[in-house]
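Student: Numbering of the sequence shown is given in our numbering, commencing with residue 982 and proceeding in unit increments.
Every residue gets a Cβ at the ideal spot worked out from N, C-alpha and C, and that includes glycine.
Every value quoted in this text rests on a predicted model; they were computed, and no experiment measured them.
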Amino acid sequence: MAIQELQSIEEISDFFEVFIFDIWGTIYDGQALFPGVKNVLRSLRQKGKCIIFLSNSPQIENVVYERLSALGIDRGLFDEVVTSGGEAKRQLSKGHQSKKIQFDGPVYLTGPNRYPNVIPEENFLIQNALDKSKWILNAGPDKAEETLDDYIKILQRAKSLNIPMLCTNPDKMVLHGNTTHMCAGYLAAYYSSIGGVVSYIGKPYPAVFERCKSLSGKMDTSRYLMIGDNLETDIRGANSIKFSSLLLGTGVHKITDKSGCNLDLNAIQSFQNKLSSFADYAMTSLR
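#1: So, are the CB atoms of ILE1182 and GLU1068 less than 8 Å apart?
#2: Assuming LEU1227 and ILE1236 make a contact with CB atoms under 8 Å, what is their CB distance in whole Å?
#3: Should ASP1210 and GLY1232 be called a contact, given that it needs their Cβ atoms to be closer than 8 Å?
#4: With distances taken from CA atoms, which of LYS1070, LEU1014, HIS1162 and VAL1021 is nearest ARG1048?
#5: For MET1154, which beta-bridge partners are listed by DSSP?
#6: With a CB to CB cut of under 7 Å and the five nearest residues on each side skipped, what residues in its chain are close to VAL1179?
#7: What number of angstroms, rounded off, separates the C-alpha of ALA1139 from the C-alpha of ILE1117?
#8: If you reduce the DSSP assignment to three classes, tell me which class GLY1029 lands in.
#9: Go through its chain and collect everything with a Cβ distance to ILE1001's Cβ below 6 Å, but skip five positions before and after it.
#10: When you compare each of SER1197, ILE984 and ASN1150 to PHE997 by their alpha carbons, which one comes out closest?
#11: Can you round the beta-carbon distance between TYR1132 and GLN1108 to whole angstroms, since I take them to be within the 8 Å contact cut?
#12: Assuming ALA1139 is part of the alpha helix (DSSP H), what are its boundary residues?
#13: Distance check for LEU1142 and GLY1011, CA to CA, integer angstroms please.
#14: Smallest Cα separation from ALA983: which of THR1161, ALA1188, SER1251 and ILE1175?
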């Protein structure tokens, strides 16, 4: 089915009951909210819609709540926040281990200073040396400006020790103003490419979407709409759990013309075919 171009989310908002919004690249460019975001949220709330923010942020939910508040999105404009970092901490705390890998024992953190809250320290000993670690918690680089080159030797050493990795942000890159920064998913992709074993928590994997369903209390998946900018995470995840999805042109994919005012439908189709991820709807930006 061909993707349907929208001029406003109002065109479809009456049908859906639960609206799941990505954050980075969808409502926010890493520095400021996109225009019109608050108006959209207010309109949906006035209609009694459930609104959940679902982010691949490796931060725990409280950190993202604070970020949203600083952006002027008050608590009355949404119901819940779910993050991959928060879900990772929850699963580790409860001992819900991967079916393939047991994440237990001393752990090496890729971002100990930038993401200190993901690991439940009461259950795990943090190690600074790989040869004393049983697994790696990859929440992303320790500094925003770091690149893969800063981690190649570490990851190659980890592979030589056959240390498994848990990646708490499957995104490879994130929008920050007019530039992009490397995320944990990029490190994980490299580690996998050299033979390292990686497990993921976050979009597009089902656990975070199931968490959203549990929090909303709505079981009819046909009434869910996932809104995001990333075909590999937001849209693919929605496809896997049978949610409808809306792709925006404000993030990682170049799907608008140079003015940013019009969708490039050929580019969208090319990206979708390449990534085998298919949105139901598309807009240049949220409005």
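Tutor: Quick look at the numbers:
#1: Against a cut-off of 8 Å, the Cβ pair of GLU1068 and ILE1182 comes out as a contact.
#2: Actually they do not touch by this definition, with Cβ atoms about 12 Å apart.
#3: Yes.
#4: Answer by Cα proximity: LEU1014.
#5: MET1154 is bridged by DSSP to MET1163.
#6: Excluding sequence neighbours, VAL1179 sits near MET1146, CYS1148, ALA1169, TYR1172 and SER1173.
#7: Answer to the nearest angstrom: the Cα atoms are 8 Å apart.
#8: DSSP, read as helix, strand or coil, puts GLY1029 in coil.
#9: The residues are ILE1033, LEU1035, CYS1193 and MET1207.
#10: Here the closest residue by C-alpha is SER1197.
#11: The Cβ separation is near 17 Å, so there is no contact.
#12: Taken as a continuous stretch (DSSP letters only), the alpha helix (DSSP H) holding ALA1139 covers 1133-1141.
#13: Taking the straight line joining both Cα atoms gives about 36 Å.
#14: Restricting attention to THR1161, ALA1188, SER1251 and ILE1175, the CA atom closest to the CA of ALA983 is found in SER1251.
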